[in-house]
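Heads up, the sequence shown is in the numbering used here, so the first residue is 214 and it goes up one at a time.
Note sheet for the following structure.
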Amino acid sequence: MLDWLIVGGGPQGRHVGACLRRAAPAAAIAVLDDRPALAAWRRRADACGMRFLRSSGAHHLGRRADALRRFAADHGFDDSHHLGYYRRPSRALFEAHAEQATAGLDHIATRAQAIEPAADHWRIAAADGPPLRARRVVLARGPNAPARPAWGGAAEHVFDAGFRADAGPAGARVAVVGGGITGAQLALSLAAAGRDVCWVTRSAPRAADFDSDPCYAGAKCLAPFARLPLADRSAALAAARLPGTLPPDVMARITAALAAGEIAWRRGEVAAQDDAGLRLADGRRIDADRVILATGFEPRPRADSLPGATIARLGLSGDATGHLHLDDTLEAAPGLHVVGRPASLQLGPMAGNIRGARLAGQRLAAIAAAEDGPLARRA
Numbered sequence: 214m215l216d217w218l219i220v221g222g223g224p225q226g227r228h229v230g231a232c233l234r235r236a237a238p239a240a241a242i243a244v245l246d247d248r249p250a251l252a253a254w255r256r257r258a259d260a261c262g263m264r265f266l267r268s269s270g271a272h273h274l275g276r277r278a279d280a281l282r283r284f285a286a287d288h289g290f291d292d293s294h295h296l297g298y299y300r301r302p303s304r305a306l307f308e309a310h311a312e313q314a315t316a317g318l319d320h321i322a323t324r325a326q327a328i329e330p331a332a333d334h335w336r337i338a339a340a341d342g343p344p345l346r347a348r349r350v351v352l353a354r355g356p357n358a359p360a361r362p363a364w365g366g367a368a369e370h371v372f373d374a375g376f377r378a379d380a381g382p383a384g385a386r387v388a389v390v391g392g393g394i395t396g397a398q399l400a401l402s403l404a405a406a407g408r409d410v411c412w413v414t415r416s417a418p419r420a421a422d423f424d425s426d427p428c429y430a431g432a433k434c435l436a437p438f439a440r441l442p443l444a445d446r447s448a449a450l451a452a453a454r455l456p457g458t459l460p461p462d463v464m465a466r467i468t469a470a471l472a473a474g475e476i477a478w479r480r481g482e483v484a485a486q487d488d489a490g491l492r493l494a495d496g497r498r499i500d501a502d503r504v505i506l507a508t509g510f511e512p513r514p515r516a517d518s519l520p521g522a523t524i525a526r527l528g529l530s531g532d533a534t535g536h537l538h539l540d541d542t543l544e545a546a547p548g549l550h551v552v553g554r555p556a557s558l559q560l561g562p563m564a565g566n567i568r569g570a571r572l573a574g575q576r577l578a579a580i581a582a583a584e585d586g587p588l589a590r591r592a
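Listed below in structure tokens is the structure:
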């Protein structure tokens, strides 16, 4: 039987696994994912043309706060791999460091189909092989399904599993719908590849260094957030988050591309899609051979997903926007922990980001160390 099983091999799951391994060297710990480490994260980054992370250089998957800086210096990543005041890392730097920081974790290459409680452990039904047993399970499944507007059922989504930015004829007219960082990066990437791109947004682009108030990276805002009644935290999360904003570098690049005529921009609410393109709510049309949605992720897991089925099976509660009611050890049920955006009511607005992974890792490592004995606690 495993002591800890982390379901999900993305940045959150890998970082939590590394934290647990350091805290409890004698524990049996494994990560379960049918894909290689960080595969889904890399696919999404490839799809939208990400160059730099939005996170600060202090937020990474290593142990020490300066681990990424030291790694860059030791492995030949020069200043071109750090961007702006917050030293945001290039994707290449972040991924190389993440591989080193989380290397050596036991990886079970299969897909979890169900998570069910047993007498003193959890039973995980696997797509391949016999069921797994673990005393503690960490659900780290990453984002929910891609979000589609009511009119967009037939449109591609940049985060669809089979999405390819280079699909279709070279001269195709492409409409990218979505005004946040994903839509802007995708529009820039397609334009750089020579595509005829129209960027469609509901509002004008807005700049912000991060997608939430940076105060929540530390105790200044997290401490008062933790003192709020649980019922008041959803409103605090909504006030702190800055969805649909662009970091300064992406804002500068998209502004320059619009000014140069490299990308067309239409502001308005999309009402419908047809064979000729898009119709806006005010009656204007956008001719397009291909429509790509960059409209983020659904706030709540689908009923047929592993998180959705687990929530229903265990009768777990949460708020209207998909945040689960967890205790301060991130437990949804005894021995079942949840990390990522669903843990926002405990970890704050950055729960789904790299900073949130670090906060979750700290909390879960404390549990693992306490259960692993005095030797691990001294380490």
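By construction, the Cβ of each residue, glycine as well, lies at the ideal position given by its N, Cα and C atoms.
Do A581 and L352 have their CB atoms nearer than 7 Å? no
Please name the residue, chosen from A252, R264, T508, L537, that lies closest to G521 on a Cα-to-Cα basis. L537
Using the Cβ count rule (16 or more neighbours within 10 Å means buried), how would you classify E369? buried
Looking only at DSSP bridge pairs, what is A192 linked to? Shown here, the chain extends from 214 to 592; a query on residue 192 therefore has no answer.
Residue from R277, Y429, D291, V389 with nearest C-alpha to V413: Residue V389 is the option with its Cα nearest to V413.
Own chain residues within Cβ distance below 6 Å of A592, not counting five before or after: Per-residue confidence for A592 stands at a pLDDT of 30, beneath the threshold of 50, marking its modelled position as unreliable; the derived number appears in the next sentence. The answer is none, since no qualifying residue turns up.
Less than 7 Å between C-beta atoms, sequence neighbours within five positions excluded: which residues of the same chain meet that for G230? I219, I242, V244, T315, L318
To the nearest angstrom, how far is it from the Cα of G223 to the Cα of G528? 26 Å
On the three-state DSSP scale, how would you describe V229? DSSP places V229 in the helix class (H, G or I) of the three-state scheme.
I need the DSSP call for R336, collapsed to helix, strand or coil. strand
Whole-Å CB distance - R479 paired with I499, under 8 Å assumed: 6 Å
Could you tell me how far apart the beta carbons of A564 and R554 are, in whole angstroms, since I believe they sit closer than 8 Å? About 5 Å separates the two Cβ atoms, so the contact holds.
Cross-strand partners of G531 (DSSP beta bridge): L537
In terms of residue numbering, what span does the beta strand (DSSP E) encompassing G365 cover? First-last for G365: undefined, no H or E at that position.
Helix, strand or coil for S303? Go by DSSP, reduced to three states. If DSSP states are grouped into helix, strand and coil, S303 belongs with the strands.
Distance, Cα to Cα, A472 vs A385? 22 Å
Got a sec? Which residues, its chain only, sit under 6 Å from A400 by beta carbon, not counting five neighbours each side? Excluding positions up to five away in sequence, the list reads V389, V410, W412, I476.
Just curious, the beta strand (DSSP E) that R479 is in, first and last residue? 477-480
Cα-Cα separation between H295 and L558, rounded to whole angstroms: 31 Å
Simplified DSSP state of R497, which is helix, strand or coil: coil
For V551, which of M464, I328, A432 has the nearest alpha-carbon? I328
Could you please give the first and the last residue of the uninterrupted beta strand (DSSP E) stretch that includes P330? Looking at the DSSP string, the run of the beta strand (DSSP E) that includes P330 is 325-330.
Taking 8 Å as the cut-off, does the stretch 299-316 touch the stretch 246-257 (at least 3 CB pairs, one atom from each stretch)? yes
Is it true that the CB of G574 sits closer than 7 Å to the CB of F438? G574 sits away from F438, with the two beta carbons spaced by 7 Å or more.
Would you check if the distance between the CB atom of S425 and the CB atom of L455 is smaller than 7 Å? Yes.
In the DSSP assignment, find the unbroken alpha helix (DSSP H) run with D487 in it and report its ends. Segment 483-487 is the beta strand (DSSP E) holding D487; no alpha helix (DSSP H) there.
How should R503 be labelled, buried or exposed, when 16 other C-beta atoms within 10 angstroms of its C-beta is the threshold for buried? buried
Just the C-alpha distance for H247 and T523, rounded to the nearest angstrom, thanks. Per the sequence shown, the amino acid found at residue 247 is Asp instead of His. If you take the alpha carbons of D247 and T523, they lie about 19 Å apart.
Chain-order list of residues whose beta-carbon lies under 8 Å from that of S402 (same chain, five-residue window excluded): C261, G262, A378
Span of the beta strand (DSSP E) holding E511? That residue, E511, is in no beta strand (DSSP E); it is neither H nor E in DSSP.
Per DSSP, the bridge partner or partners of W217: I242, R349
Could you have a look at A453 and say whether DSSP puts it in helix, strand or coil? Helix.
Quick check on Q398: buried or exposed, where buried means 16 or more other Cβ atoms within 10 Å of its Cβ? buried
Which one of T323, G226, A578 has the shortest CA to CA distance from R235? A578
In this structure, what does DSSP give as the bridge partners for H211? Missing from the structure shown is residue 211; the chain here goes from 214 to 592 and no further.
Roughly how many angstroms separate the alpha carbons of D404 and H334, rounded to a whole number? The sequence shown places Ala at residue 404, not Asp. Using only the alpha carbons, I get a separation of about 52 Å.
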